[in-house]
Amino acid sequence: MASEQIYFDIRSKIIFLAAGVLIPLILFGWAYQSGKQFLSQEIPLVDSIMQLRVDITATHSIIHEYVEGHQTIEVADVTALIEKIQADAQAIHQGYVQMGDVSGIISRPHFLQVENDEMKHAVEELTAYLLEYREKLAQLVEDDVIHDDYFKSAEWAAAELDHEIHQQFSKSLENQPTLFAALFTVWVIMLLLMLNLLRKSRIAHAIEFEKNMKLAQALEHSGSSIIITDTNAIIEYVNAAFCSMTGYERSEVIGKKTSILNSGSQSPKFYEKLWQVIGRGKVWHKELINRKRDGSHFPVVMSIAPIFNKQNQITNFIASQEDMSDFEALEEKLYKSQKLETAGILAGGIAHDFNNALTAIKANALMLERKPEDRAAVLKRSSVINQVCDMAAKHIHQLLKFVRNETLEMSPVSLNACMKTACEMASMGSQDGVSISTELPEHDLTVCWNEVQAQQIMINLINNSVHAVQNVESPWVKVAVSCFTATPEFTKRHEEMHERHYACISVKDNGYGIPEDKLQNIFEVFFTTKAVGEGTGLGLSMAHGAITKVGGIIEVASQPGRGTEFRIFLPLHNQVESIAAS
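Under the working numbering, residues -4 to 577 are what the sequence shown spells out, in order.
Written out as structure tokens, the structure reads:
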């Protein structure tokens, strides 16, 4: 795969190519400089030793001729010859050499240490002997053999030194082709390695390019609207689905800020929270209302994720959005279906209450017809009839209001009044013997919601609890409202919740509970714990969606045999006033 290949960017390639050229050049330069330095040291040294050998041989010949009487020589000349030999030997030993008119100091080769010392010692013995007897050389005919030995010893030592230098010089010359061959081999290997790595780089680049092309095509032809921006929300890319969804052309949005989609339906605080989430490198996912090019509004569900570079820095953001218009139409149908189901349950309860009311009305009317009574008794029976009629009218009014409300406009909702109405309506269709109680705060809490939708969700939750307490001794259902302050555990569990205070609505029962293995599926569409034919599986899923849409969450806690509790957390409509009141 491309991710497993070695990938070189342009800078890496330039560096590698430069290294591939420079390293062999440096090696060749080093070899050349080493050979040049060797020659600059060895050749003058060879010349100086040769000069020493010539001086020793010439001096030996002159003195031999002088001793034999074949030549006349002054003592000063002998002294000069001896000093010349001393100077040559001392210079060679100390590294001072001369070749023609060029002279200088060179480093003495360490491998000639023994031969150099032997030469110096032999020359010192020779010159010491000659200096001691320089004035008596003509009378030392019998000692000619002695100074011959000194001369031969010095000549031999100088010849050994000369021979060793020539040997080392020959070896060095022999090693030069090997060294250059080795350097050439290294260069060839590096060249092949470089070509191989460049080939891998091209392959990896081609694979990466192909992958990027596939990714680009996937983004371009995706059914979801895709937007890529920089860190300042400047649009850098949009796909075809975005243009189709919003009516904008690419040229109209590239380089513009994403605020061109702002419909004004969301508050500035909404966008502040959005930037807080994606600024921390996390994914943001919510529903909102955007604006098309023609100014019309449309609902979308949007996800925004950060894009990181190799240094783990955010460089871009990518957003995908789905048009929820069709989904919301379907959701509206499901909502109406669920509402009709709830209305049917309520109608059944009201029919039972109506039978009781009609029985009371009929009984009192018959008593008035059969038995004339005084005015006080008549007024009493008339009052009973009026109370029964008022109760029936109230039930009818609640049911009609519940059924007729078709819109889902959001407005401030008083939770105390909403919960009382929901409990009263749920009681109409509940079983006899089930206690439905409320625990409401002294100071009312207000949330932004649709009142009828809130009542429908609460009625559904209460009905579920009533169903759950069947066959339970002393069954009860409790509805409670309280002000909740977010804890660190709550914030960690629900990262999308950013408020400090919430209204908490609890529906709790002492029923048979929900098995643990079913809790994770409890809010899925068409999932139900009821028997076949007793539930549609829409109530909890629709409740979850509706609560999420208004910025809240719903949780469930249950233990088999010990009951169930649903808790709804909603942002307070007015944080300051509601908190002060609570």
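Think of the CB as a built atom: it goes at the ideal place given N, C-alpha and C, for glycine as much as any other residue.
Query	Result
Out of curiosity, what's the CA-to-CA distance linking Val472 and His493?	31 Å
With burial defined as no fewer than 16 other Cβ atoms inside 10 Å of the residue's Cβ, what is the status of Ser460: buried or exposed?	buried
Could you check which residue in Ser378, Gln554 and Leu20 has the C-alpha nearest to that of Val183?	Leu20
How far does the beta strand (DSSP E) with Ile302 in it extend, from its first residue to its last?	His292 to Phe303
What is the DSSP secondary structure of Thr180, reduced to helix, strand or coil?	helix
Do you know how far the Cα of Val474 is from the Cα of Ile284?	33 Å
For the putative contact between Leu567 and Thr441, defined by C-beta atoms under 8 Å, what is the C-beta separation to the nearest angstrom?	7 Å
What is the DSSP secondary structure of Asn227, reduced to helix, strand or coil?	coil
Nearest-angstrom Cα distance between Gly546 and Ile223?	26 Å
What residue range is occupied by the uninterrupted beta strand (DSSP E) comprising Asp439?	Element bounds for Asp439: n/a, residue is neither H nor E.
Grab the span of the alpha helix (DSSP H) containing Glu317 for me, first residue to last.	Per DSSP, Glu317 belongs to no alpha helix (DSSP H); it is in the beta strand (DSSP E), Ile309 to Asp318.
My guess is that Gly506 and Ala463 are in contact by the Cβ rule of under 8 Å, so how many angstroms apart are they, rounded?	3 Å
Spell out whether any CB of chain B is found under 8 Å from the CB atom of Leu440.	Of the protein chains in this structure there is only one, and it is not chain B.
By alpha-carbon positions, which one of Thr480, Ile509 and Thr241 ends up nearest to Arg654?	Any question about residue 654 goes unanswered here, given that the chain covers just -4 to 577.
Once you ignore the five residues that flank Ser378 on each side, which residues in its own chain have a CB closer than 8 Å to its CB?	none
Kindly give me the distance between the Cβ atoms of Ser220 and Ser291, rounded to whole angstroms, as I take these residues to be in contact under 8 Å.	Not a contact, Cβ separation roughly 15 Å.
Taking the Cβ atom as the reference point for each residue, do Met453 and Leu435 lie within a distance shorter than 8 Å?	no
In the DSSP assignment, find the unbroken alpha helix (DSSP H) run with Lys264 in it and report its ends.	Pro263 to Gly274
Can you give me the start and stop residues for the beta strand (DSSP E) that Gln554 sits inside?	Ile548 to Gln554
From His116 to Ala153, what distance separates their C-alpha atoms?	11 Å
If you draw a straight line from the alpha carbon of Ser430 to that of Ile457, how long is it in whole angstroms?	11 Å
Please state whether the Cβ-Cβ distance between Ala82 and Leu121 is less than 8 Å.	no
For Asp225, is the classification buried or exposed, using 16 other Cβ atoms within 10 angstroms of its Cβ as the cut-off for buried?	exposed
Among the residues of its own chain, which have a CB less than 7 Å from the CB of Met240, if the five just before and after it don't count?	Ser220 and Asp318
Whole-angstrom Cβ separation of Ala236 and Gly250, contact assumed at under 8 Å?	Not a contact, Cβ separation roughly 20 Å.
Starting from Ala235, follow the beta strand (DSSP E) in both directions and report where the run begins and ends.	It is not in any beta strand (DSSP E) - Ala235 instead sits in the alpha helix (DSSP H) that spans Ala235 to Thr241.
Alpha carbon to alpha carbon, how far is Arg288 from Trp270?	24 Å
Does the beta-carbon of Gln448 have 16 or more other beta-carbons within 10 angstroms, so that it is buried, or is it exposed?	buried
To the nearest angstrom, how far is it from the Cα of Ser56 to the Cα of Asp144?	13 Å
Out of Val467, Val502 and Val296, point me to the one whose CA is closest to Glu560's CA.	Val502
Could you tell me which of Asn455, Glu446, Met405 and Pro483 sits nearest to Ser422, measuring between CA atoms?	Asn455
How close, in whole Å, do the beta carbons of Lys544 and Glu282 come, if the pair is a contact with beta carbons under 8 Å?	6 Å
Would you report the Cα separation of Gln212 and Gln261, rounded to the nearest angstrom?	33 Å
Out of Leu186, Val295, Pro172 and Glu491, state which residue places its alpha-carbon closest to the alpha-carbon of Glu267.	Glu491
Could you check the C-alpha separation between Lys252 and Tyr232 for me, to the nearest Å?	12 Å
Nearest to Ser477 by alpha carbon, out of Asp439, Arg557 and Ile273?	Asp439
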